[in-house]
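Under my numbering, the residues of the sequence shown are numbered 189 to 496, in order. First comes the structure, then the notes that go with it.
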Amino acid sequence: MTRHFLDLSDAGGDALAAMINDAMARKAARAALPKGAPDPDAPLAGRVLAMVFEKNSTRTRVSFDMAMRQLGGSAIVLDAGTTQLGRGETIADTARVLSRMADAIMIRTDDHAKIEAMAAHASVPVINGLTDRSHPCQIVADLETIVEHGKALPGLELAWLGDGNNVLNSIVEAAGLMRFNVRIGVPAGYDSDPAYIEQARALGAQITVTRDPVEAVRGADVVVTDTWVSMGQQGAEARIAAMTPYQVNDELMAQAKADALFLHCLPAHRGEEVTDSVIDGPRSVVWDEAENRIHAQKSVLRWAFGQL
Ligand code: CP
Ligand code: NVA
């Protein structure tokens, strides 16, 4: 069976835990190596990842490329606009061709249905590098970061502020798989996908939705936010107006636990969803979180190739 990673549930809780452990162990083991040097066991030697981008990216693009180098393989970047996809070649045919030429495919796309079509027609693993619906690779890195900073996942209280977007959907999905709780503080009209919430609740996670940002953050172990206007979204002015009360600033962070961590997948819109004082402050772990995209995705890749 080809292992696709379209959402965290494709791997499941046990595999997700294995990925977090593997990411931390490999990160520690190569601490003294130059960033581009391969890990001594080079577990993906000779393998090539094709990366298709229909949207902009800094972290996902660089971290997957570095991940493949460190695993002993390599990556090819395809900017969709300059490929035949941009001239109307179908996703299905692109999946068939890339499956003959590369060993795995990562795609960042504006429509989750496209990655499902890619997976349906690919005979190599397909990995979600962000869709309008979810961003599972980001959350593997986020969980690694939280654990690395000494917090256990079961029973963890995570507060989300701002927009009910793709990143939140994957956090909620992770909560069900890893048994932590999420308090969602978002304005009416910007709620996240109820299907992810129902799935997480069915697995025993407490998922609370509130319109009160203070209630969301009070006593939290981790506070997370993201841009109020995701790539491809319209109505920036209305979104910003609705989400302004949910800005993560010092006043709001003061409601969380004294040792609460602040996470943001980046890129940040400083002065909108987060203030400089918080993102540059002592509780922010956003640079570790960004670096961990490399380590976490190495484990996602190893899982996709049946090594975890
Ligand atoms: N967090 C994240 O996915 O960043 P990029 O958009 O830069 O890839
Ligand atoms: N929610 C953001 C995440 C960017 C990494 C977006 O989709 O644009």
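By construction, the Cβ of each residue, glycine as well, lies at the ideal position given by its N, Cα and C atoms.
Quick check on this structure: which residue in the options has the alpha carbon closest to the alpha carbon of residue i?
i    : options                   : result
V402 : D414, Q443 and D447       : Q443
L240 : G317, Q421, G350 and H483 : For clarity, residue 240 is Val in the given sequence; the question names Leu instead. Here the closest residue by C-alpha is G317.
G234 : V405, Q258, H337 and A205 : Q258
M431 : G392, S418 and V374       : V374
Q485 : A220, S287, D229 and L237 : L237
R249 : G261, D400 and L266       : L266
D320 : K302, L331 and A308       : K302
G274 : F252, K339 and T297       : T297
Using only the alpha-carbon positions, how far apart do residue i and residue j sit?
i    : j    : result
T270 : D414 : 29 Å
A329 : R218 : 17 Å
A492 : E439 : 42 Å
V436 : P313 : 37 Å
T282 : D381 : 29 Å
A424 : H300 : 22 Å
P222 : M254 : 11 Å
L344 : H483 : 22 Å
V411 : A290 : 39 Å
A203 : I327 : 14 Å
G200 : A310 : 21 Å
H457 : T463 : 9 Å
A388 : A404 : 18 Å
H323 : I359 : 9 Å
Taking 8 Å as the CB-CB limit, is residue i close to chain D?
i    : result
T246 : Considering every chain present, this structure includes no chain D. It has just one protein chain.
Is the beta carbon of residue i sitting closer than 8 Å to the one on residue j?
i    : j    : result
R490 : P231 : yes
I334 : L449 : yes
G352 : K243 : no
A363 : I395 : yes
L349 : M366 : no
I279 : M306 : yes
M207 : V473 : no
E361 : Y384 : yes
L356 : I372 : yes
D210 : L496 : yes
A347 : A408 : yes
For the segment 237 to 275, which segments carrying the beta strand (DSSP E) assignment without a break, of at least 3 residues, lie completely within its bounds, in sequence order? 262 to 267
May I have a chain-ordered list of the beta strand (DSSP E) segments no shorter than 3 residues that lie completely inside the segment 387 to 417? 395 to 398 and 410 to 413
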